[in-house]
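Taking this note's numbering, the leading residue of the sequence shown gets 140, the next gets one more, and so forth.
Ideal placement from N, C-alpha and C gives every residue a C-beta, glycine not left out.
A quick write-up on the structure given underneath.
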Amino acid sequence: MEKYSADQDQLLKTFRNACHVFVFTGAGVSRESGLPTFRDLDGEWRQYDPMTFATMEGFLQNPAMVWNMYRSRQKQIAEAQPNPAHITLARMEEHYPEFLLATQNVDDLHERAGSRRMVKIHGDVGQIRCIDCGEIYDAREFELPDEFDENTLPKCPDCSALCRPNIVWFGEYVPQEPLMAAVNAACTCDLMLIIGTSGEVSNGYGLAEYALGHGAKIVEVNPSEGALTHYAHFWVPEPAGIALPRIWEMC
Ligand code: OAD
140 MEKYSADQDQ LLKTFRNACH VFVFTGAGVS RESGLPTFRD LDGEWRQYDP
190 MTFATMEGFL QNPAMVWNMY RSRQKQIAEA QPNPAHITLA RMEEHYPEFL
240 LATQNVDDLH ERAGSRRMVK IHGDVGQIRC IDCGEIYDAR EFELPDEFDE
290 NTLPKCPDCS ALCRPNIVWF GEYVPQEPLM AAVNAACTCD LMLIIGTSGE
340 VSNGYGLAEY ALGHGAKIVE VNPSEGALTH YAHFWVPEPA GIALPRIWEM
390 C
């Protein structure tokens, strides 16, 4: 298998010849919008222990502390803007007849850039979910305080139980509907783009294997080599906000 190469013509040909594109993004695609990744040196999991801040057990032990972390993330996301990588992916969607973007990101920058044919496989930090009845609400429907204490935690309007951020935590299943859409796209695409993910979380392996097994070309855009790089026919070792607009412009 060719690794990333200086052979830009082959790379461009892959984009030009594709009809069915499947894009898989991670935190790196939002890095140039100022949002931290998880596992890089300045990543979230270096600052916050994921067992405390990204498990149901950690949440139940200290919901106000965990909510405060996600509340500050909600505000950071609200202030961030889509970057050229998000915008280019939204343009690509308009071009290809078959297209799906599956993101692991819980921010809304793909949507704000104009992506529509997309699924979120790790949930959405802008939504909150009742831990008892499972009802999901838009966080904007609630008057969330800047800082939570035990008395101001969000409660379900239906059943009064505690609510949590509607995202996938460690030890939890990925929601079936978006995951199946991603699997289906991986199995039928002729080009899979892997952008800004370390690939440390298990879905990435499966999706790349499906795509490869069905004969797709795989292009990875990531300044660093990661767990999925060995699947890639082309690895573009650059920030997504620089590489994607440049490649798309040349197509
Ligand atoms: P990681 O933090 O594991 O990986 C981020 C990746 O982005 C790394 O491979 C970086 O090299 C790369 N990167 C950094 N800057 C970039 C840039 N400008 N352009 C392109 N790539 C860049 O984040 P994820 O792979 O998304 O789960 O992590 C997967 C999941 O683990 C997350 O969805 C999160 C976490 O636990 C939930 O929040 C549910």
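- Counted as a single uninterrupted DSSP element, the beta strand (DSSP E) harbouring Thr242 occupies residues 237-242.
- Here the C-alpha atom of Leu383 lies approximately 8 Å from the C-alpha atom of Val360.
- Looking at Gln266, Gly352, Ala219, Asp271, the one whose alpha-carbon comes closest to that of Arg251 is Ala219.
- Taking C-alpha positions only, Asp297 is separated from Ala203 by approximately 21 Å.
- Beta-bridge pairing by DSSP links His159 to Glu237.
- Only exposed fits Cys158, as fewer than 16 other CB atoms lie within 10 angstroms of its CB.
- Taking every protein chain shown into account, the CB of Phe281 has fewer than 16 other CB atoms within 10 angstroms, so this residue is exposed.
- Residue nearest to Val245 within the set Ala300, Gly182, Leu283, Gln213 is Gln213 (criterion: CA-CA distance).
- Using a cutoff of 8 Å, the CB of Asn305 does not count as near ligand 1, since none of the ligand's heavy atoms is closer than that.
- Between the segment 219-229 and the segment 252-261 there are three or more inter-stretch CB-CB distances shorter than 8 Å, so the stretches are counted as touching.
- Unbroken alpha helix (DSSP H) stretches of 4 residues or longer found wholly inside the segment 338-368: 342-352, given in chain order.
- Remark: the C-beta of Glu339 is in contact range of ligand 1, defined as less than 8 Å to any heavy atom.
- With at least 16 other beta carbons inside 10 angstroms of its own, His261 counts as buried.
- Check the Cα spacing between Glu183 and each of Val313, Ser211, Glu388, Glu232: the tightest is with Ser211.
- Proximity to Leu292 across Ile270, Ala325, Val258 peaks at Ile270, based on C-alpha coordinates.
- DSSP places Trp387 within a helical segment (H, G or I) once states are collapsed to three.
- Take Arg155, set aside five residues on each side of it, and the residues of its chain with a beta-carbon closer than 8 Å to its own are Cys390, in chain order.
- Put simply, of Tyr370, Leu180, Leu330, Ala321 the residue whose alpha carbon is nearest the alpha carbon of Gln243 is Ala321.
- Taking a cut-off of 8 Å on C-beta distances, the segment 191-200 touches the segment 300-317, as three or more cross pairs fall below it.
- Bounds of the beta strand (DSSP E) holding Arg268 are 262-269.
- Counting along the chain, Trp374 sits inside the beta strand (DSSP E) bounded by residues 373-375.
- Nearest in C-alpha terms to Arg279, of all of Glu289, Gln266, Asp288, is Gln266.
- In chain order, Cys269, Asp271, Cys272, Glu274, Cys302 place their CB closer than 7 Å to the CB of Cys295, counting only its own chain and leaving out the 5 sequence neighbours on each side.
- The three-state reading of DSSP puts Asn290 in coil, since its state is none of H, G, I, E or B.
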